[in-house]
Amino acid sequence: MKKAIGITLGTLLSLGAAYMGGIGYYAEKFTPNTSYGPVSIGNLTVDEAQEKIAQDVSKQSVTLVEKGKELGKISLADLGYQFDAKEALETVYQTQDPSTWIVNLFNGTKVEHVFSNRVAVNKELVQNAASALGIDNATRTPATNASIEYDKEKGYYVQPGVIGTQVDYERLGTAMLESLENKTMKVALEDVYAHPEIEESSAVVKDTMDYIQKILGLNITLKIAGEAITIPKELIEQWVHFDADNKVTVDEEEVAAYLEDLNEKYSTEGKTRQFQSTLRGEVTVPAGILGWSIDVETETQNIIRDLRAGKDVTRKAAFTGIGTHLGEANDIGDTYVEVDLENQMMYLYYKGEVIVSTNIVSGKLSTPTAPGANAIIEMLTNTNLVGIAPGQTRPYSAPVSYWMRFDYQSQGIHDANWQYSFGGDTYLYSGSLGCINTPLDQVAIIYEYVEYGTPVIVF
Numbered sequence: 229m230k231k232a233i234g235i236t237l238g239t240l241l242s243l244g245a246a247y248m249g250g251i252g253y254y255a256e257k258f259t260p261n262t263s264y265g266p267v268s269i270g271n272l273t274v275d276e277a278q279e280k281i282a283q284d285v286s287k288q289s290v291t292l293v294e295k296g297k298e299l300g301k302i303s304l305a306d307l308g309y310q311f312d313a314k315e316a317l318e319t320v321y322q323t324q325d326p327s328t329w330i331v332n333l334f335n336g337t338k339v340e341h342v343f344s345n346r347v348a349v350n351k352e353l354v355q356n357a358a359s360a361l362g363i364d365n366a367t368r369t370p371a372t373n374a375s376i377e378y379d380k381e382k383g384y385y386v387q388p389g390v391i392g393t394q395v396d397y398e399r400l401g402t403a404m405l406e407s408l409e410n411k412t413m414k415v416a417l418e419d420v421y422a423h424p425e426i427e428e429s430s431a432v433v434k435d436t437m438d439y440i441q442k443i444l445g446l447n448i449t450l451k452i453a454g455e456a457i458t459i460p461k462e463l464i465e466q467w468v469h470f471d472a473d474n475k476v477t478v479d480e481e482e483v484a485a486y487l488e489d490l491n492e493k494y495s496t497e498g499k500t501r502q503f504q505s506t507l508r509g510e511v512t513v514p515a516g517i518l519g520w521s522i523d524v525e526t527e528t529q530n531i532i533r534d535l536r537a538g539k540d541v542t543r544k545a546a547f548t549g550i551g552t553h554l555g556e557a558n559d560i561g562d563t564y565v566e567v568d569l570e571n572q573m574m575y576l577y578y579k580g581e582v583i584v585s586t587n588i589v590s591g592k593l594s595t596p597t598a599p600g601a602n603a604i605i606e607m608l609t610n611t612n613l614v615g616i617a618p619g620q621t622r623p624y625s626a627p628v629s630y631w632m633r634f635d636y637q638s639q640g641i642h643d644a645n646w647q648y649s650f651g652g653d654t655y656l657y658s659g660s661l662g663c664i665n666t667p668l669d670q671v672a673i674i675y676e677y678v679e680y681g682t683p684v685i686v687f
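Under my numbering, think of the first position of the sequence shown as 229, with each following residue one higher.
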């Protein structure tokens with residue numbers, strides 16, 4: 229009995245000594261059954277494990293396939309992989325408990341997903357190795373970026389990007405490591421085709437579509453000829469375009485064409501007009517220098533600025549022309565000079581009331597006063613009117629106290645102390661060269677009330 233007890237105690241002491249020895253042994257090494265990815269590193273120090281993993285990886289090769297067809301093998305040793313897992317191995321080592329080494333004989337430590345983020349891929353070497361197998365991106369279809377398109381039926385929409393057949397060599401290198409990790413040792417090229425740089429879910433596409441919706445929701449209203457004209461949203465859709473980088477551009481020509489259409493409808497410049505005269509009722513007055521039109525160049529830029537600002541706006545359009553009521557349907561207003569050639573009368577209306585009603589002398593038959601809707605463009609006092617009369621060779625110089633030019637043919641309103649009478653048929657035998665000869669006291673009043681741009685309606 230004592231002998232049996234002695235044997236048992238001896239065995240236990242031996243096992244205990246072996247166990248304690250194991251603890252001491254694994255205090256500097258990985259416990260049994262430890263694996264790092266597919267590589268067994270049990271019973272190795274950290275440095276030994278690092279070296280073994282690097283050697284094992286370099287011995288492996290990966291098969292490339294495309295559409296089920298094998299293209300060839302690439303040895304990982306040819307790819308210049310730089311494996312640096314020492315820090316990670318140190319972490320694994322620190323987490324192990326040497327006292328559990330016996331347990332690890334049956335249930336070891338497995339560290340997975342270790343290569344893809346611990347091995348540096350040399351993209352150029354991967355490309356060279358792939359090229360040796362006949363994989364050349366120059367002969368393959370590139371990916372197509374997602375783009376924003378416009379269709380009259382659908383409006384703006386995103387055309388998704390398309391994956392081509394060109395290979396993303398960086399992804400190929402990573403996929404080869406992953407195949408080593410999952411022990412398939414095979415990569416399908418379809419899984420590593422290069423993706424579009426700009427995809428449907430890209431921030432630039434989303435932001436641009438949001439911007440488009442914001443633009444299309446804008447109300448840009450122009451005040452023209454007494455009307456508030458809101459630019460139709462379908463036109464804005466047609467104006468807005470996008471470059472290859474999905475940057476927003478606005479078609480200036482299309483905006484300008486829209487403004488030209490508005491000019492055709494609303495402008496008064498260069499157009500015959502109807503006028504309610506003092507003595508003859510409604511008369512037709514040919515175009516003169518009076519009138520306005522939308523300043524297409526300026527207003528085009530204004531609209532583009534409004535679109536880019538992304539805010540609703542109601543404002544007067546930009547106009548160009550001559551007169552005191554640019555942009556208004558009635559650009560004559562209630563202050564103007566009326567010259568009735570048939571009755572040889574001139575009237576000054578100021579804020580709707582007649583201030584002056586006077587006889588005049590207009591151009592004689594050989595140099596008649598040209599009718600037209602005009603406006604004051606020059607005002608002088610105590611000046612000389614100079615020129616050469618038709619059929620004459622010597623210039624004339626006529627001093628006047630008041631001069632108001634109203635067209636580009638040097639026609640104007642002025643006093644004429646050489647006239648013995650005004651009105652009636654005086655113009656037939658003592659008519660001017662086209663100007664409106666006026667009694668001094670009356671022209672003085674007119675000069676006091678008019679300004680640059682005051683309409684002068686001659687008919």
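Glycine included, C-beta positions come from ideal geometry on N, C-alpha and C.
In the DSSP assignment, the residues bridged to Asn665 are Val589, His642. Three or more Cβ pairs drawn from the segment 483-490 and the segment 524-533 lie within less than 8 Å of each other, which places the two stretches in contact. In the three-state reduction of the DSSP assignment, Pro627 falls in the strand class, which pools E and B. In this structure the segment 573-591 does not lie against the segment 606-618, because fewer than three pairs of beta carbons, one per stretch, are closer than 8 Å. Taking C-beta atoms as the reference points, Thr500 and Gly549 fail to come closer than 9 Å. Taking C-beta atoms as the reference points, Leu299 and Leu361 count as a pair closer than 9 Å.
By the neighbour-count criterion, in which a residue is buried when 16 or more other Cβ atoms sit within 10 angstroms of its Cβ, Pro618 is exposed. Here Glu510 carries a strand assignment [DSSP, helix/strand/coil]. The beta-carbon distance between Val684 and Val511, rounded to whole angstroms, is 15 Å. This is too long to meet the 8 Å contact definition. Secondary structure note for Thr449: its beta strand (DSSP E) is the uninterrupted segment 448-452.
Of the residues assessed, Phe334 falls on the exposed side of the cut-off, its CB having fewer than 16 other CB atoms within 10 angstroms. In terms of CA proximity to Lys257, Thr319 leads the group Ala305, Thr319, Leu292, Leu307.
By the Cβ neighbour-count rule, Thr682 is buried, with 16 or more other Cβ atoms within 10 Å of its own.
Spatial neighbours of Thr477 in its own chain (CB-CB distance under 8 Å, excluding positions within 5 residues in sequence) are listed in chain order as Val468, His469, Phe470, Asp471.
Looking at Thr328, Trp631, Tyr578, Tyr264, the one whose alpha-carbon comes closest to that of Leu408 is Tyr264. In terms of Cα proximity to Asp643, the closest of Leu487, Ala626, Gly652, Tyr397 is Ala626. The three-state secondary structure of Val339, taken from DSSP, is strand.
Shown here for Thr449: same chain residues with a beta carbon closer than 6 Å to its own, the five before and five after excluded, namely Ala456, Thr458, Thr542 in chain order.
Within the segment 473-539, the runs of alpha helix (DSSP H) that reach at least 4 residues and sit entirely inside it are, in chain order, 480-494, 524-537. Separation of the CB atoms of Gly551 and Asp559 is rounded to 5 Å, and the pair is thereby assigned contact status at 8 Å. In this structure the segment 672-679 touches the segment 621-636; the number of beta carbon pairs closer than 8 Å is three or more.
Using a 10 angstroms sphere on the CB of Asn602, the tally of other CB atoms reaches 16 or more, which defines it as buried. Bridge partners of Ala416 according to DSSP: Val293. Ile616 is classed as exposed because its beta carbon has fewer than 16 other beta carbons within 10 Å across all chains shown. With fewer than 16 neighbouring CB atoms inside 10 Å of its own CB, Leu593 falls in the exposed class. Here the alpha carbon of Asp489 sits roughly 43 Å from the alpha carbon of Gly659. Lys544 sits away from Ile464, with the two beta carbons spaced by 9 Å or more. The C-beta separation of Ile302 from Met404 comes to about 7 Å, placing the pair in contact by the 8 Å criterion. In the displayed model, Ile281 falls within a helix according to three-state DSSP. Tyr575 is not a Cβ neighbour of Thr666, given a cutoff of 9 Å. With respect to the C-alpha of Val678, the residue from Ile664, Lys579, Gln637, Leu613 having the closest C-alpha is Lys579. Between the alpha carbons of Ala557 and Gly651 lies a gap of roughly 33 Å. Distance from the CA of Gly516 to the CA of Phe547, rounded to the nearest whole angstrom, comes to 17 Å. Straight through space, the alpha carbons of Gly389 and Ile426 are spaced by roughly 7 Å.
Looking only at Ile531, Leu446, Tyr636, the smallest Cα-Cα distance to Leu487 is reached by Ile531.
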